[in-house]
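Those protein sequences? They're chains A and X, same order as listed.
Plus 1 on top of the position in the first sequence (first one is 1) and you've got my numbering.
Plus 1 on top of the position in the second sequence (first one is 1) and you've got my numbering.
Each residue gets a CB set at the ideal place from its N, CA and C atoms; glycine is no exception.
None of the values given here were measured: they were computed from a predicted structure.
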Amino acid sequence: MKFASKWLQGLPWHLWPLLLIIAILLTPIIAVLSSFFQGAAPSWPHLAETVLWQYTLNSIYLVLGVGFGVLALGVSSAWFVARFEFFGRRQFEWLLLLPLSMPAYIIAYTYTGILDFSGPVQSFIRQTFSVGYGDYYFPEIRSIGGAIIMMSLVLYPYVYLLARTSFKNQSQSLADAGKTLGLSPWQSFYRIALPVARPAIIAGTVLALMETLADYGTVQYFGVNVFSTGIFRAWFGLDDALAARQLASVLLFMVFALLLLERLAKSKASYSVSGTSKSSSRRTLTPVIGALVSLGCGLLLFFGFLLPFIQLLYWALFESTKGFDQEYWQLLGNSLKLAGITSFLTVLLALLLSYSQRLWPSKLFSGGVFIAGLGYAIPGTIIAVGVMAPFSWLDHAIHDFFENYSDINTGLLLSGTLFILVFAYMVRFLAVALGNIQSGLLNIHESLDDAAKSLGYSPWQSITRIHLPLLRPSLISAALLVFVDTLKELPATLVLRPFNFNTLAVKSFELANDEQLANAAPSVITIVLIGLIPVILLNTFMQRRQN
Amino acid sequence: MLRSFISLILLSTCSLALASEVNIYSARQEQLIKPLLDQFTQETGIKVNLVTGDADALLSRLQSEGDLSPADLLITTDAGRLHRAKEAGVLQSIDSVVLEQRVPAHYQDTDNQWFGLSLRARPIFYNKDSVDPKQLSTYEALAQPEFKGRVCIRSSANIYNQSLIASMVAAVGEEATLEFTKSLVKNFARPPKGGDRDQISAVANGICDIAIANTYYFGGMTQSKNASEIEATEKVAIFWPNQEGRGTHVNISGAGVVKTAKNKQQAIQLLEFLVNNDSQAWYANANFEYPVVAGVNANETLQSWGSFKADTVNLSRLGELNRQAVIIMDKAGWR
């Protein structure tokens, strides 16, 4: 207690309301972590004896594989798009974001449809070479390697988006300095650009890896046992909710490690843009290399987006019995409404939190913000259950109060409404917005704050006139990512939504889960297409800014 | 005079009913229940509000909402979850002569806290070219060495497999089931992946000779718009195992009235509606599930699969044994 009060002393009063918000956001995460102090769950001996080791190893493989995949794909594509001129660059700049709108489990379903034994590719091989099952080698898509490829293909845009922003914002003077020192383009990449962009790249990678750890749909379909599948197995199969939460805490410790790595990278990064200098101009590539780069970007786009999209389109047009009826339009409206509200509120909150952190550094506050960002790695169902408890408590308190003092029966005021759903989304996606905005703020040198002060700007003026304009790209990419993530979100939506309320993601999951993939296709295609709108908006905005 | 009097009463109850509603938490997916609910609303004027989701997550929601929960009815797709809900104390016993008479005893809870609404059978599927059905007899026989590398079945994370193993524990005990499961895993043609349809396709394509899967997926494939799925169903046939013994494993989709239901009467009315002949036939026609009520004419596709003797173990037992089943499958290394 004394310890806490010592921490609290240094905290300016502005931060109290924010601290309260953080505390509320933390409840579901604390509910998970607190399970560690409730003694060993009954299933631990069994888990340790049989499957725990497998969960751990597979999760580590998955994280390493996807980490490598998103770094390789994201950084290289961002580097070429940000710094070089080649055929189709202006289009690739935004086209490469498209896989972001593809839910991982959907791309897993579509690739299985394309590549498995009865799919078109293998049928073609068998017909052409007249061979049968077992006569030829064909890689099995439904394996851990397949899962790594699927997730890398849809998650690399996190790295791409953040790295591209960073590469673009690096000042010309840095690139010039490199040239003066006689560095080759490759040298200037890994000795200057890469270190400067490191916080952004790592932030993007950590986001991708958190999503990897929280994924359930893909690994479940591919039969790969990892922590997230283990959590549900313990809960649903072994009927041991405590073991489930304890497994989720182990997952959180993995994420702790990842995030500490990120902090470390950020604290080492003392580079920042001095604000006024021009961003670097693009180099032209030789025709051969330029063609190779165009081809590489094209392949990435093809496998990450076009191919699964075409398969979905085929299903929607030729095999689906579902059309664009009234129900469809309602689903569309619901999804848009939720994603819009969530993305606005989450970005606003992340801005408030990271800004306060910058202005009034405090360990307690930073610690809170840090933990609040963990929600992204917890499977949505666990978050949802964690969110229900405090809201139910509050609802009961309100109900009892009114019952005692009036005849009003409030029932459940918040549970079972969109309010609790948006709240759960915020817990889950705050990390996405924080990652973007914090790395954006890092790029604004503190000397600017001092300059603003010396110009006699009030704190508010320095926000609106200096920080916000500089932060705008980060804010927009944060809003975009949260919007698309909410659009795709499934498990929390399933559990928490009100009566008679469906979203596109819910609908497509229910059909896909019932093994009616073709009928799910129209909803999935819509999710993907809506995901395109913010991507295009973002792109036009960025290009206008450049001109 | 009398007639107009009755119709007046009927009318007034109808208008009363219009104001009433029933709230459902359903683990059965919307497209597999909504048409029936719409029919119910049309006939009774009772509005039905629906949330679908995962059974355990909905159960958590029920528990955390406590006495203020708006839910009146919990629908699940397996008996184990209903049993779990009962254990958690969120259901209540109800009195309904209709349900009591129409739903066979082993498909309902001993305390009338839940009732089965449709049956889901999980037989053996075999490739007509490579398997002589005379070689097939029981689930247990699939563990024999002669089936090495020939069996396809989905992941043990799936509730249908957990129930199947639980039914075996109930029949032959834990030790024998563990032995069986270990040998069965050795006979797998490939590591488990995909859903039930995938297993049936794999049999058709010669990846394996035998699969265990739910019949309604097979039924769905026969109606598929995808030509390769229809082709697959032509190469595959159903074998009903354990006909000499306890019978083929079945599970139910079922429902129970929530303890704190505000619309208990409407909830019971809906349950009774779901076991009337038309609704029972709907389950078969729309999703190839077997009616739970005896004597309802199964649809043509179902009849073409032949009749079978179903395991009559009380399904509550499967709920009780689910945990043991999962432990056994973990020990056997069934992914």
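query                                                                                                                : result
Collapsed DSSP secondary structure at residue 162 of chain X in the structure displayed                              : helix
Counted within 10 angstroms of its Cβ, other Cβ atoms place residue 103 of chain X as buried (16 or more) or exposed : buried
Close Cβ partners of residue 28 of chain A (< 6 Å) along its chain, the five nearest in sequence each way excluded   : 391
Range covered by the beta strand (DSSP E) that runs through residue 156 of chain X                                   : Counting along the chain, residue 156 of chain X falls outside any beta strand (DSSP E), and DSSP gives it neither H nor E.
Test: residue 121 of chain X CB closer than 8 Å to a CB of chain A                                                   : no
Min CB distance residue 27 of chain X to chain A below 8 Å                                                           : no
Three-state secondary structure (DSSP) of residue 134 of chain A                                                     : coil
Same chain, Cβ closer than 6 Å to residue 1 of chain A, five either side skipped, listed in chain order              : Summary: the structure shown does not reach residue 1 of chain A, with chain A confined to residues 2 through 548, and so no result is reported for it.
Limits of the alpha helix (DSSP H) - the one that residue 257 of chain X falls within                                : Run containing residue 257 of chain X: none in the alpha helix (DSSP H); it sits in the beta strand (DSSP E), 251-258.
Residue range of the alpha helix (DSSP H) that includes residue 160 of chain A                                       : 145-170
Residue nearest to residue 164 of chain X in terms of C-alpha spacing, selected from X:73, X:83 and X:72             : X:83
Any C-beta of chain A under 8 Å from that of residue 58 of chain X                                                   : yes
Residue closest to residue 90 of chain X, alpha-carbon to alpha-carbon, out of X:127, X:21, X:290 and X:112          : X:112
Alpha carbon of residue 205 of chain A to alpha carbon of residue 159 of chain A, nearest angstrom                   : 5 Å
Simplified DSSP state of residue 149 of chain X, which is helix, strand or coil                                      : coil
Distance between residue 114 of chain X and residue 260 of chain X (C-alpha atoms, nearest Å)                        : 9 Å
Coarse secondary structure for residue 326 of chain X, derived from DSSP in three states                             : helix
Straight-line gap, residue 81 of chain A to residue 295 of chain A (C-alpha atoms, nearest Å)                        : 9 Å
Interface partners of residue 511 of chain A on chain X, CB under 8 Å                                                : 30, 31, 32 and 53
Beta-carbon proximity of residue 86 of chain A to residue 285 of chain A, cut-off 8 Å                                : yes
Chain X residues whose Cβ lies nearer than 8 Å to that of residue 405 of chain A                                     : Simply none; closest approach about 15 Å.
Reduced DSSP secondary structure (H/G/I, E/B, other) of residue 85 of chain A                                        : strand
Boundaries (first-last residue) of the alpha helix (DSSP H) holding residue 355 of chain A                           : 327-360
Interface flag, residue 318 of chain X vs chain A, CB-CB below 8 Å                                                   : no
Beta carbon proximity, residue 124 of chain X to chain A, threshold 8 Å                                              : no
Alpha-carbon to alpha-carbon, residue 96 of chain X and residue 13 of chain X                                        : Confidence is the limiting factor: at residue 13 of chain X the pLDDT is only 41, short of 50, which leaves the residue's position unreliable, though a coordinate-based value still follows. Between residue 13 of chain X and residue 96 of chain X, the C-alpha separation is close to 25 Å.
Exposed unless 16 or more other CB atoms sit within 10 angstroms - verdict on residue 311 of chain A                 : exposed
C-alpha gap between residue 220 of chain A and residue 463 of chain A, whole angstroms                               : 47 Å
Any C-beta of chain A under 8 Å from that of residue 163 of chain X                                                  : yes
Residue 49 of chain X, enclosing beta strand (DSSP E) - first and last residue                                       : 48-53
Test: residue 19 of chain X CB closer than 8 Å to a CB of chain A                                                    : Only weak support exists for where residue 19 of chain X lies, its pLDDT of 46 falling under 50; the value from the coordinates is given anyway. Residue 19 of chain X does not count as touching chain A.
Any non-hydrogen atom of the ligand ADP within 7 Å of residue 467 of chain A CB                                      : As far as ligands go, the structure on display features none, and thus does not contain the ligand ADP.
DSSP state of residue 275 of chain A mapped onto helix, strand, coil                                                 : The predicted position of residue 275 of chain A is uncertain, since its pLDDT is 47 and thus under 50; no value can be drawn from it.
Listed by chain order, chain A residues near residue 46 of chain X by CB distance under 7 Å                          : By Cβ distance, chain A contributes nothing, its closest Cβ being about 17 Å from residue 46 of chain X, past 7 Å.
Between the CA atoms of residue 352 of chain A and residue 14 of chain A - distance to the nearest angstrom          : 18 Å
Chain X contact for residue 389 of chain A (CB, 8 Å cutoff)                                                          : yes
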